[in-house]
Structure formats: C-alpha cells, structure tokens
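Peer 1:
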Amino acid sequence: MRPGGNRGWLLRLVIAFSFAQGAVSMARPAVSYRALALGADERAIGVIAGVYALLPLFVAVPLGRRTDHGRCAPLLPVGVVLISGGCALSGLADSLWAMAVWSGVMGLGHLCFVIGAQSLVARQSAPHEQDRNFGHFTIGASLGQLVGPIAAGALIGGPDMAGTSALALLVAGAGGAVAFTSLWRIESPATANSRGEQGERVPVQRILRARGVPAGIFISLAVLSATDILTAYLPVVGEHRGIAPAMIGVLLSLRAAATIACRLVLTPLLRLLGRTLLLTVTCLLAALLCAGIALPVPVWALALMLAVLGFCLGVGQPLSMTTVVQAAPEGARSTALALRLTGNRLGQVAAPASAGLVAGLAGVAAPFVMLGALLLVSAGTALRAPARPAGEPEDAGKASLSRAILRRKSGI
Numbered sequence: 000m001r002p003g004g005n006r007g008w009l010l011r012l013v014i015a016f017s018f019a020q021g022a023v024s025m026a027r028p029a030v031s032y033r034a035l036a037l038g039a040d041e042r043a044i045g046v047i048a049g050v051y052a053l054l055p056l057f058v059a060v061p062l063g064r065r066t067d068h069g070r071c072a073p074l075l076p077v078g079v080v081l082i083s084g085g086c087a088l089s090g091l092a093d094s095l096w097a098m099a100v101w102s103g104v105m106g107l108g109h110l111c112f113v114i115g116a117q118s119l120v121a122r123q124s125a126p127h128e129q130d131r132n133f134g135h136f137t138i139g140a141s142l143g144q145l146v147g148p149i150a151a152g153a154l155i156g157g158p159d160m161a162g163t164s165a166l167a168l169l170v171a172g173a174g175g176a177v178a179f180t181s182l183w184r185i186e187s188p189a190t191a192n193s194r195g196e197q198g199e200r201v202p203v204q205r206i207l208r209a210r211g212v213p214a215g216i217f218i219s220l221a222v223l224s225a226t227d228i229l230t231a232y233l234p235v236v237g238e239h240r241g242i243a244p245a246m247i248g249v250l251l252s253l254r255a256a257a258t259i260a261c262r263l264v265l266t267p268l269l270r271l272l273g274r275t276l277l278l279t280v281t282c283l284l285a286a287l288l289c290a291g292i293a294l295p296v297p298v299w300a301l302a303l304m305l306a307v308l309g310f311c312l313g314v315g316q317p318l319s320m321t322t323v324v325q326a327a328p329e330g331a332r333s334t335a336l337a338l339r340l341t342g343n344r345l346g347q348v349a350a351p352a353s354a355g356l357v358a359g360l361a362g363v364a365a366p367f368v369m370l371g372a373l374l375l376v377s378a379g380t381a382l383r384a385p386a387r388p389a390g391e392p393e394d395a396g397k398a399s400l401s402r403a404i405l406r407r408k409s410g411i
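Following numbering that gives the first Met the number 0, the numbering of the sequence shown begins with 0 at its first residue and continues without gaps.
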C-alpha cells in the first residue's frame, strides 16, 4: 500500500488508540485514589505520578531510533501489553513502591504505543495528508480522555476506596486489552519493507537544529501543559468561586468535546488558513482565554471560554506532529517524534510543579496567567514552523501555480 492509499488502517488505529488512551485516563486517577487508600500523602502521590512521566524519558529516543530503522507495528501490541499489565497490577499492588513501579510500566507502555502509532501515521500518509491524518489520529486520544475519567468516577467511591479503586484499575486493564482487536495487519508490508536500506544515524543535535523541529516540540509542550494544568487546577478555582464539582466536571467535558470537534473540522480550517497561520492564531487565542480564566467571570462565560479554549487547544497536537515530521531529516522522523514526546513528558513534570509554586505565591488563578504567557510564546514560535514538507523547494508552490496558469491559457 502506497502512502495515501486505503485508510482503513487509520480507522483501526484510532479505535485502538481510543481504548489504550481510555485505559490510561481511567487508571491515572484510580492510581491516586488507591495510593491514598494505602496511606499515601501528597508527596507520595506526586512521586507515583512523576514515575509515570519520568521513566519513559530514558527510552524515548532509543525507541525512536529503532522505529526509524525498522517497523512501527510491533511497538503497538507491546504498548498495549504494558498499559494493560500496568493497570491490572496497580490494582493488585498492596504497597506504594509497587504502585510506583507499575505506574512507570503504564507510562512506558503508553510511550511505546504512541511512538509506534505516530510513526505509522507519518510513514503511511502522503505529505499533503499528514495534517488531516494526524488530526483524525488524535481524535482517539480525545475520546479516551473524555470517557476514561468518567468511567473511573462511576466505579470509585463509597467507604471501600481501596476496593473500588482496585476494581477501576482492573477494568482499565481489561479495556486497554480491547485495543488488540484493531491492530491486525495495520502496517502495510510495502511500507515496512521500504525501511530495509537505511543511511547513517542522524545525530540528535542535527534533528533539534532542523528548522521547525524545536517549534513543533515547544508548541506541543505548551498545549499539553495547558490541558494538564487546566484539568488539575480548574477544580481548585471552582472550590474558591463556589462552583459545584459536578459543574466543574461538565466544564471539563465541554473542553474535551470542543477539542474533538476541532479535529473533525481540521482539514477545512487548514485549507482556509494554512498550517502556520492556524497554529499562530489558535495559540494566541488560547493564551488570551487561559489568562481570562483567572478573572472572576460567571459560570456561563467560563463555559463559553472553555469551549473556545478546547477548540483552540485541539489544533496544537496534530499540527505539531506534522511540523516535526516534515521538518526532521529523512530517516530520523520517528526519532524526532520521540523527542517531541520527551518534551511532552518534561512538560508534564515541570508544568504542574511550576503551577503549584505560582499558585502558592500568587493565588489559585495565577497558573492560568502563567499558561497564557507560555501559549503566547508558543504563538510566536509557531511562526517558525515550516509551511511545506521538508525537501520541497521554497518556490514549489509558485511553480505549481505558474504551471496551472500556463495549462489553463493553453487549454490543456
């Protein structure tokens, strides 16, 4: 199958990613509740959550190297096994150190799955289809992030917190395993065989110096940090403003639904504005909206702001993937995607810590002002994102337009 051919593989990948991401999104709050039931304090919860993000940092680039010089598909079932096993064994663990270990295994599985899946999308999509296909691919993540916490909340509660959280983790493990059903023949043999001849390994420094790669990494980090801190600190803001927890849940679900809606209409938006302008405008608008959350606005205005914010944040992840893939040197695109994921993980560790420090010094609304500043910088960074695939001459678009005009004049 040539790039840009039958897209049945993409639908199966989205389905598999929905279950894998749903399992992780269900398990992460369940891990915190189970750790609390086992006697953990806030510091222990932070360590367990940090292991999830930190452990994969040591293997991201080697996994990217391996994928650049081989097949993508084997990483997918490995990721599903690690996710499902990490979820289930977290539910069976009876000590905090075991919880930390299995949380790290879960994070490693998520990293394996995402590197393999993103590399597969990059490899099996024609250059002009990458924005659209990455957008559709990330719908799977959004669906998992929408359903997972709701499922966890439905199962966890009551006097037996340890038992209900363990049940939620076991269910998450079973749900993640469903992803196996969509992974059959997902990588084209022709695409896999095309990786047979490889040149020398591209140094990481050269990848990071490629114009557009740092921009894509930073935009992804900023957008993911905004999503994580919004999820963590909106309940705190609601508590201070007297907004009921049920309403906060509705507001967060509204944000997630707007993100899904954005990715469904990403293709016409790209036709209208182009990738660079779309990234810049949405990051700039998201910066203003994040800062606006710090204001004491009524609930209906907050709902409107979060809906528009969710729509804007939905642009950054898929387009940053395309930006990194098309800016990276040939033969190092999976490694570049792994570096992007490394940046995401670092953001997941550093952003909450920074937000906690800012909130302690300046109040619970201050982290949203910090996010606004971060997204404002990412809007400027987006201007450096390449507007065309790597290797395409700068005047290729003009040449294509000139040829079209000549054909029209000659009646061809």
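Using N, Cα and C, we set each Cβ at its ideal position, and we do this for glycine too.
For tyrosine 232, collect the residues of the same chain with a Cβ closer than 6 Å to its Cβ; drop the 5 residues on either side in sequence, then sort them by chain order.
Peer 2: These residues qualify, in order along the chain: Pro366.
Peer 1: Determine whether the beta carbon atoms of methionine 160 and alanine 36 lie at a separation below 8 Å.
Peer 2: Against a cut-off of 8 Å, the Cβ pair of alanine 36 and methionine 160 comes out as a contact.
Peer 1: Assuming valine 201 contacts alanine 331 (C-beta within less than 8 Å), just tell me the rounded distance between them.
Peer 2: Right, the Cβ-Cβ distance comes to about 4 Å (below 8 Å), so this counts as a contact.
Peer 1: I need the DSSP call for leucine 182, collapsed to helix, strand or coil.
Peer 2: Leucine 182 falls in the coil class under three-state DSSP.
Peer 1: If we require 3 or more residues per run, which beta strand (DSSP E) segments fall completely within the region 6-94?
Peer 2: Those beta strand (DSSP E) runs which fall completely within the region 6-94 and span 3+ residues do not exist here.
Peer 1: Going straight from the alpha carbon of alanine 364 to that of tryptophan 183, what length do you get?
Peer 2: C-alpha separation (whole angstroms): 47 Å.
Peer 1: Could you give the first and the last residue of the continuous alpha helix (DSSP H) run that contains glycine 317?
Peer 2: Reading the sequence as shown, one finds proline at residue 317 and not glycine. Residues 298-326.
Peer 1: Under 8 Å: do the region 11-23 and the region 135-144 share three or more Cβ pairs, one atom per stretch?
Peer 2: Because the criterion of three Cβ pairs below 8 Å is met, the region 11-23 and the region 135-144 touch.
Peer 1: Among Ser31, Leu382 and Arg344, which one has its Cα closest to the Cα of glycine 156?
Peer 2: The residue with the shortest Cα to Cα distance from glycine 156 is Ser31.
Peer 1: Helix, strand or coil, according to DSSP, for glycine 273 in the structure here?
Peer 2: Correct three-state label for glycine 273: coil.
Peer 1: Determine the burial state of leucine 405: buried for a count of at least 16 other Cβ atoms within 10 Å of its Cβ, exposed for fewer.
Peer 2: Confidence at leucine 405 is low in this model, with a pLDDT of 41, below 50, so its placement is unreliable and the value that follows should be read with caution. So leucine 405 counts as exposed.
Peer 1: Going by Cα to Cα distance, which pick from Arg42, Val170 and Phe133 is closest to alanine 151?
Peer 2: For alanine 151, the nearest C-alpha among the options comes from Val170.
Peer 1: What three-state label does DSSP hand valine 363 in the structure shown?
Peer 2: Coil.
Peer 1: Can you tell me which of Ile149, Thr230, Ser333 and Val348 puts its alpha carbon nearest to the alpha carbon of proline 61?
Peer 2: The shortest C-alpha separation from proline 61 is found at Ser333.
Peer 1: From the DSSP output, in three-state form, read off glycine 108 for me.
Peer 2: Three-state DSSP puts glycine 108 in a helix.
Peer 1: When you compare only the Cα positions, how much space is there between alanine 286 and alanine 372?
Peer 2: Cα to Cα, alanine 286 sits roughly 7 Å from alanine 372.
Peer 1: Beta-carbon separation of arginine 70 and glutamate 238 under 8 Å?
Peer 2: The answer is no: Cβ separation not under 8 Å.
Peer 1: Take every Cβ of the region 295-309, pair it with every Cβ of the region 348-355, and state whether three or more of those distances are shorter than 8 Å.
Peer 2: Short answer: they don't touch.
Peer 1: Count the other C-beta atoms from every protein chain shown that fall within 10 angstroms of the C-beta of histidine 127, then say buried if there are 16 or more, exposed otherwise.
Peer 2: Its Cβ having fewer than 16 others within 10 Å, histidine 127 is exposed.
Peer 1: Quick one: give me the first and last residue of the alpha helix (DSSP H) that leucine 294 is part of.
Peer 2: That residue, leucine 294, is in no alpha helix (DSSP H); it is neither H nor E in DSSP.
Peer 1: By alpha-carbon positions, which one of Ala256, Phe217 and Ile228 ends up nearest to leucine 375?
Peer 2: Selected option, being the one with the closest Cα: Phe217.
Peer 1: Checking 8 Å against the spacing of the C-beta atoms, do glycine 106 and leucine 168 come in under that value?
Peer 2: No, they are not a contact pair.
Peer 1: So, for tryptophan 8: in the same chain, excluding its five sequence neighbours on each side, which residues have a beta-carbon less than 7 Å away from its beta-carbon?
Peer 2: Excluding residues within five positions, the ones whose Cβ falls inside 7 Å are Gln123 and Ile185.
Peer 1: Does the region 307-321 come close enough to the region 240-256 that 3 or more CB-CB pairs lie under 8 Å?
Peer 2: Yes: the two stretches touch, three or more of their Cβ pairs being nearer than 8 Å.
Peer 1: If you draw a straight line from the C-alpha of aspartate 67 to the C-alpha of leucine 229, how long is it?
Peer 2: Going by the C-alpha atoms only, they are around 34 Å apart.
Peer 1: At what residues does the alpha helix (DSSP H) containing histidine 127 begin and finish?
Peer 2: Where histidine 127 is concerned, there is no enclosing alpha helix (DSSP H), given that its DSSP letter is neither H nor E.
Peer 1: Around the C-beta of leucine 10, are 16 or more other C-beta atoms found within 10 angstroms, so that it is buried, or is it exposed?
Peer 2: Burial call: exposed.
Peer 1: Is it buried or exposed for serine 83, if we count other Cβ within 10 angstroms and need 16 for buried?
Peer 2: Serine 83 comes out buried.
Peer 1: Distance, Cα to Cα, threonine 275 vs alanine 34?
Peer 2: Taking the straight line joining both Cα atoms gives about 44 Å.
Peer 1: Quick one: Cα of glutamine 20 to Cα of leucine 340, how far?
Peer 2: So the alpha carbons of these two residues sit roughly 15 Å apart.
Peer 1: Is leucine 301 close to chain D, meaning its C-beta is less than 8 Å from at least one C-beta of that chain?
Peer 2: Note that chain D does not occur in the displayed structure, where there is just one protein chain.
Peer 1: Round the Cβ separation of arginine 262 and glycine 134 to the nearest angstrom and send it over; I've been treating them as touching at under 8 Å.
Peer 2: With 8 Å as the limit, arginine 262 and glycine 134 qualify as a contact, their Cβ atoms being about 5 Å apart.
Peer 1: I want to check one thing, is the minimum distance from the CB of alanine 352 to the heavy atoms of the ligand PLP below 7 Å?
Peer 2: The model on display carries no ligand, and the ligand PLP is accordingly not part of it.
Peer 1: Let me know the secondary structure DSSP gives leucine 283 once reduced to three states.
Peer 2: Three-state result, leucine 283: helix.
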